[in-house]
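Worksheet for the structure shown next.
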Amino acid sequence: MIGPEIERLIQLLGKLPGLGPRSARRAALHLMKRRESLLVPLSEAMALAAEAIRTCEVCGNIDTRTPCTVCADPTRDRSTICVVEDAGDLWALERTRSYRGTYHVLGGTLSALQGVGPDDLNIASLVERARDGAVKEVILALNATVDGQTTAHVVTDRLAAADVTVSRLAHGVPVGGELDYLDDGTLTAALKARRPF
Ligand code: ZN
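For the sequence shown, my numbering begins at 182 and goes up steadily by one.
Here you go:
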């Protein structure tokens with residue numbers, strides 16, 4: 182029904198997060214109908230990105246330079262390192278514009294099920310950075326999942342070798358959130374993390 186080039190396009194689009202086979206077909210058709218205005222510029226942008234991307238040798242962030250834009254920025258506060266699972270979490274924190282320290286990207290979480298151990302993550306390089314004397318605080322901004330919290334414990338244990346304060350993000354009621362809509366785990370965490378009013 183369709184040529185192998187288009188089949189291949191649909192198959193690859195279907196590997197993107199959030200796209201199943203049906204939405205991959207729709208996306209492929211959308212691109213094909215907009216060959217000059219979208220498909221050609223997109224394929225050029227992808228080729229350039231594929232050529233340019235680098236993993237930061239300091240923090241593990243993905244960028245087009247190493248050290249990355251954050252690590253190379255002289256205005257960033259080098260006394261604080263915020264630890265995240267992947268670059269998407271770093272981007273989310275940067276969007277808030279409320280953090281001016283540096284980051285460390287672990288590259289995932291520990292997972293007994295998927296066979297991910299401490300040596301598969303960038304933990305050793307974090308401990309090395311934390312021990313260099315300039316770093317005062319390490320903030321663990323890991324997901325509030327079982328694997329995320331297991332990882333937080335292991336990272337905290339390893340950081341005992343460095344003279345730093347280890348903190349983590351507060352868990353609780355989201356801004357604008359209504360108590361009635363929260364799951365039990367979130368509500369319990371919010372109650373435990375209560376503060377004087
Ligand atoms: Zn970096």
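C-beta atoms are modelled at their ideal positions from N, C-alpha and C, and glycine is treated no differently.
In this text the structure is predicted, and so the values were computed from the model without any measurement.
Handout entry: N-terminal and C-terminal residue of the beta strand (DSSP E) that residue 346 is part of
Key = 346–349
Exercise for the section: Thinking residue 185 and residue 195 are a contact (beta carbons under 8 Å), I'd like their distance in whole angstroms, please. Expected result: Between residue 195 and residue 185 the Cβ distance is about 15 Å, and since that is not below 8 Å, they are no contact.
Exercise for the section: Give a yes or no on whether the C-beta atoms belonging to residue 290 and residue 319 are separated by under 9 Å. Expected result: no
Practice task
Quick one: measure Cβ to Cβ for residue 316 and residue 279, integer angstroms, because I've assumed they're closer than 8 Å.
Solution key: In fact, because the Cβ distance is near 20 Å, the residues do not count as touching under 8 Å.
Exercise for the section: Return the first residue and the last residue of the alpha helix (DSSP H) that residue 240 is part of. Expected result: That residue, residue 240, is in no alpha helix (DSSP H); it is neither H nor E in DSSP.
Handout entry: beta strand (DSSP E) segment containing residue 321, residue limits
Key = 318–321
Exercise for the section: Just confirm the distance between the C-beta atoms of residue 303 and residue 271, as a whole number of angstroms; I'd bet it's less than 8 Å. Expected result: Residue 303 to residue 271, Cβ: 13 Å. No contact.
Handout entry: Contacts around residue 221, its chain only, beta-carbon distance under 6 Å, and the 5 residues preceding and following it disregarded
Key = none
Exercise for the section: For residue 310, count neighbouring Cβ atoms within 10 angstroms of its own Cβ and tell me buried if that reaches 16, exposed if not. Expected result: buried
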